[in-house]
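Here the sequence shown stands for residues -19 to -1, 1 to 363, numbered as in mature numbering (1 follows the signal peptide of the UniProt record, and there is no 0). Every residue gets a Cβ at the ideal spot worked out from N, C-alpha and C, and that includes glycine. Shown next, in structure tokens, is the structure this report addresses.
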Amino acid sequence: MSSLCFLFVLIWLGDRVFCQGSCRNHSDWMNHLPIEMHKMKITEIAIPGSHDSGTYSLMKTSDIFIDGSSHKNDIILDFLKFRSQYKQNGLLGELIYRWSITQDLNITSQLYCGVRYLDLRIAFDHRNESRVVHGLFGTTLHDIFTQIKDFIIKYSKEIILLDLQSMATNHEISKENALKNVTDLLQDFFSDRIIFAENIQSYKLKDLWQQNISVIVFKRSRDNNKKDSILHAHASIRSPFDYKQFTQTWSWLHFLDLNYANRGKQGTDTFYVTQGIMQPHWMEVVIAGISENATLRSWVSSKATRKIRDWLHGKHIGKNGINIVIADFVEFSNFTDTVLDLNAVTNVRGPTSRKSGSVCYRSIDNNLLWLLLIIFMLLERY
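As structure tokens, this is what we get:
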């Protein structure tokens, strides 16, 4: 019985083995797209993206950031708030660090790997400086924008999508001033290379190139509807997500299948993000508090990036097809290669050629795994 238990544990842990990764140079892939695709809307081509793109800059000693306005289902932050009541910041910072890192590569390296969609969560520190955050404070927006600017100067036909998912403020700066701070910084860095927020979805690649546009920015804001705003409303980009569905492999992939099949019914004149990421199960978060080797990368992200790579096989681009795909640790599992391979002319389909076949996935629920392990241990004892 002991050998059976040991085998069972190995199988369970085997799906959480850390994977080293590397990526090929895709520094100017947009410039080398087939000429037929130059007339396609940017919402109709496959674009690799990174999830929480700035987390490569987090350190164990970074200041802890816990947003009081976080979603009620954000179990990680809830758990960390609980632990913070009786743990010193050093130990808490260690735990947050292990479960907040989603990227190893800096922005420059991500862009060279082919990433063109950057997911940034922003907060202002005690010095009122804008930084990326994810549990901990990371590098400054100034540093992020510097890397992007240096890249687009060298590769002028590459279009970078910046999605400012959140913007947390402190008691010393208002939301209005925070938004102005970020907007001014964007203008200072990119000036006439940012497109204004009017009918962005209708733009084709050749249109953006003709206007020397390199940066498109999305952010929730009252100013999004103004024609002179550089911030595009989140109505311009859809990013379906369901926390509960994303904690189990089978339900997550089924969720992606349904949304991929129904994209045409939900409107095709928007950017569309396929979330190639999974969320930690509550049991994994609890274990993280007692296991030194538990990390988001080894327990969740490496598997998710591998699964989204496999899920993309057989998918298509075009009006109802794949657009933006995001992942953790984009250098894993040939992720960017797989997304960019979809941009073959023969892989384009229109709205009338969609076939809604079903794909079945099987995964053992984590709760069931624990239950079975407990049963095996009890049987061995008695």
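- Residue 32 is positioned such that its CB atom lies closer than 9 Å to that of residue 84.
- Secondary structure of residue 129 (DSSP, three-state): helix.
- Taking 9 Å as the cut-off, the Cβ atoms of residue 39 and residue 88 do not count as close.
- Relative to the Cα of residue 232, the nearest Cα in the group 264, 91, 288, 213 belongs to 288.
- With respect to the C-alpha of residue 130, the residue from 92, 189, 22 having the closest C-alpha is 92.
- Cα atoms of residue 116 and residue 148: separation of roughly 14 Å, rounded to the nearest angstrom.
- Taking C-beta atoms as the reference points, residue 255 and residue 298 fail to come closer than 9 Å.
- In the structure shown, residue 147 falls within a strand segment according to DSSP collapsed to helix, strand and coil.
- The stretch 244 to 311 is shown to contain whole beta strand (DSSP E) runs of 3 or more residues at 252 to 257, 305 to 308, in chain order.
- Secondary-structure assignment with DSSP links residue 99 through a beta bridge to 31, 143.
- Put simply, the backbone Cα of residue 107 is about 7 Å away from that of residue 151.
- When DSSP states are grouped into helix, strand and coil, residue 222 belongs to the coil group.
- Between the stretch 151 to 161 and the stretch 131 to 139, the count of C-beta pairs closer than 8 Å stays below three; the two stretches do not touch.
- In this structure, the beta-carbon distance from residue 200 to residue 291 does not fall below 9 Å.
- Under the three-state reduction of DSSP output, residue 119 falls in the strand class.
- One Cα belongs to residue 264, the other to residue 225, and the distance between them is close to 13 Å.
- Using a Cβ distance threshold of 9 Å, residue 187 and residue 20 count as a contacting pair.
- In the DSSP assignment, residue 200 falls within the beta strand (DSSP E) that extends over 196 to 200.
- Note that the C-beta distance between residue 110 and residue 121 is below 9 Å.
- The beta carbon of residue 237 lies closer than 7 Å to those of 255, 292 in the same chain, with the five residues before and after it left out.
- Going by DSSP, residue 314 is part of no alpha helix (DSSP H) at all; its letter is neither H nor E.
- Contact annotation, residue 172 with residue 101: C-beta distance approximately 19 Å; criterion of less than 8 Å not satisfied.
- Around the beta carbon of residue 276, 16 or more other beta carbons lie within 10 angstroms, which makes this residue buried.
- DSSP places residue 212 in the strand class (E or B) of the three-state scheme.
- Nearest to residue 262 by alpha-carbon distance, out of 243, 245, 154, 282, is 282.
- According to the DSSP assignment, residue 90 belongs to the alpha helix (DSSP H) that extends over 88 to 94.
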